[in-house]
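Numbering (the numbering used here), first residue to last: 642 to 1062. For every residue, glycine included, the Cβ atom is placed at its ideal position computed from N, Cα and C.
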RNA sequence: GGACCGGUGGCUGAGUGGUUGAAAGCGCUCCCCUGCUAAGGGAGUAUACGUCAAAAGCGUAUCGAGGGUUCGAAUCCCUCCCGGUCCGCCA
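1) Rounded to whole angstroms, what is the Cα-Cα separation between residue 860 and residue 1042?
2) Which residue spans inside the region 710-746 form an unbroken alpha helix (DSSP H) run of at least 4?
3) Would residue 925 and residue 1036 be called neighbours here (beta carbons separated by less than 9 Å)?
4) From residue 913 to residue 823, what does the alpha carbon distance come to, in whole angstroms?
5) Of the choices 874, 749, 991, whose alpha-carbon is the least far from that of residue 634?
6) Does the region 846-856 touch the region 934-948, meaning 3 or more C-beta pairs lie closer than 8 Å?
7) Determine the DSSP secondary structure at residue 1024, reduced to helix, strand or coil.
8) Among residues of its own chain, excluding the 5 on either side of residue 916, which ones have a beta-carbon nearer than 6 Å to its beta-carbon?
9) Buried or exposed: which applies to residue 683, given that a residue is buried once 16 or more other Cβ atoms fall within 10 Å of its Cβ?
10) Would you report the Cα separation of residue 793 and residue 826, rounded to the nearest angstrom?
11) Of all the options 1056, 1045, 1053, which has the alpha carbon lying nearest to the alpha carbon of residue 783?
12) Tell me which same chain residues have a C-beta within less than 8 Å of the C-beta of residue 746, skipping the five on either side of it?
13) Measure the Cβ-Cβ separation of residue 1025 and residue 884 and say whether it is below 9 Å.
14) Rounding to the nearest angstrom, what Cα-Cα distance links residue 858 and residue 760 in this structure?
15) DSSP has residue 898 in a bridge; who is on the other side?
16) Just mark residue 841 as buried or exposed, buried being the case when its beta carbon has 16 or more other beta carbons within 10 Å.
17) Going by other Cβ atoms of all chains shown within 10 Å of its Cβ, with 16 needed for buried, is residue 1027 buried or exposed?
18) Can you find the residues in the same chain that come closer than 6 Å, C-beta to C-beta, to residue 1019, ignoring five residues on each side of it along the sequence?
19) For residue 756, which option in 974, 989, 1049, 1048 has the closest C-alpha, if you only look at C-alpha atoms?
20) Nearest to residue 875 by CA position, among 922, 754, 1005, 715, is which residue?
21) When the Cα atoms are used, what is the spatial distance from residue 1015 to residue 887?
22) What separation, rounded to the nearest whole angstrom, lies between the Cα atoms of residue 899 and residue 881?
23) Per DSSP, which one or two residues make a beta bridge with residue 815?
24) At which residues does the alpha helix (DSSP H) containing residue 936 begin and terminate?
25) Could you check where the beta strand (DSSP E) with residue 959 kicks off and where it finishes?
26) Is it true that the CB of residue 812 sits closer than 9 Å to the CB of residue 790?
27) For the beta strand (DSSP E) that contains residue 867, what are its first and last residues?
28) Going by C-alpha to C-alpha distance, which of 999, 897, 814, 1012 sits closest to residue 647?
29) For the alpha helix (DSSP H) containing residue 976, name the first residue and the last one.
30) Mind listing, in chain order, the continuous beta strand (DSSP E) runs of no fewer than 3 residues lying wholly within the region 778-862?
31) Using CA atoms only, rank isn't needed, just tell me which of 752, 1047, 904, 701 is closest to residue 713.
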């Protein structure tokens, strides 16, 4: 969440930056400030009374020890106690409201973030590779059906729409991609591979900013105490929730393969052909926890690591930057990597590489002690590894030949074991 | 799931209602002494928030978490969480 001190000190700047998001969040700032003021006023008054109670209570102790009468002071202190309680109630009401508001206010877009209203305004930064020359690219659904590798009927039988079953070579191909990605990021790029629970506590979801704002998009269990992870970013980043790191521990680099579960409420019909948008999909994630001074450089590095996977596979892609109106709730700066899907005739987002600044770190109390012994909030970065279904779409559609044979990229062959599918 | 025992500062560990934010030891930091493969002496050693232009200072809170009792709680009561051990169950 945003630092209340920053809001307090630069309310106009905060409002101006939030206004670029076009989501109404800037309007909440005045109420936050009002709560903050009430809270602090009450706290100061309360502390003065507590101080009085403390010293007077000690007097009582002395009087009693000497066998003297203390009933007069006792009623006095009791009154102070009641006043304290009243102030406390009012103060904590303001504090609660303040937190509630802050949890619903998004991160400030970084100051070099391109200003724009929506995704139409996202600039394309670069592209890599060439669109494969194909007279008529077949859709991944055609290819998958022909080869019998992905079944939506099976998925529907088990779980309904939005679920798929990968069979035979399809299951194996996806597994090969996962291992390829984990080895690339783990062994070559120096990330620690972790295997984490997929069912996680509410506080984890709040830590990384999925809750309370996006509760409807999550699968919950048991009175919404637990949630199915919508992305590995949640459990992986929360590994360090409420911890104090040493400066030399940074950066922490983690990679994980997990399934991701999303309700995708309200997104029916949008980009959802085939396996492009699923309720459950696999992903290989990258997370770095870094010293704030390095976070922008790390974002570039992280994006490079995600790009490296596509380059090794020889898949054509482009990198765009999200403008202020499109950048995610917790993110202050985001690059999206979009891979070319000829069967769809468009680019598909496979990786979203974001810097969250200290926004998540504040929510989850993730700090480090610097060389001067001061505690600071870390910056968290999440270079979304790669969404497997979309990668699979791109691979099938880009690597097909005129006969519908899919030529497995060389880098993947050791994992898949065949040259064609 | 059941039973019992625990959860105190970086660590070990005192402390069962009144100057205890917390003894002692260890560790760590700084200083002093000492010419030698070591020892001794001294000082310091949590975090958050509030107050302040800021630092210092001051104040408040924090002894797993949250409630309660009380003039006053690490200490008593309730709920929950976590750990250990034993039993049951189990991929």
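The short version:
1) 40 Å
2) 712-744
3) With respect to residue 1036, residue 925 sits apart: the two C-beta atoms are not nearer than 9 Å.
4) 27 Å
5) Any answer about residue 634 is impossible in this case: the structure gives the chain only from 642 up to 1062.
6) With a cut-off of 8 Å on Cβ pairs, the region 934-948 is not in contact with the region 846-856, counting fewer than three such pairs.
7) strand
8) 805, 1030
9) buried
10) 31 Å
11) 1045
12) Spatial neighbours of residue 746 in its own chain (CB-CB distance under 8 Å, excluding positions within 5 residues in sequence) are listed in chain order as 642, 643, 659, 666, 669, 670, 673.
13) No, the Cβ-Cβ distance between residue 1025 and residue 884 is not below 9 Å.
14) 20 Å
15) 925
16) buried
17) buried
18) 930, 1002, 1007, 1009
19) 974
20) 1005
21) 10 Å
22) 18 Å
23) Partner(s): none; residue 815 has no beta bridge.
24) 936-954
25) 958-962
26) Against a cut-off of 9 Å, the Cβ pair of residue 812 and residue 790 comes out as a contact.
27) 867-869
28) 999
29) Careful: residue 976 lies outside any alpha helix (DSSP H), inside the beta strand (DSSP E) at 974-982.
30) 833-835, 840-842
31) 701
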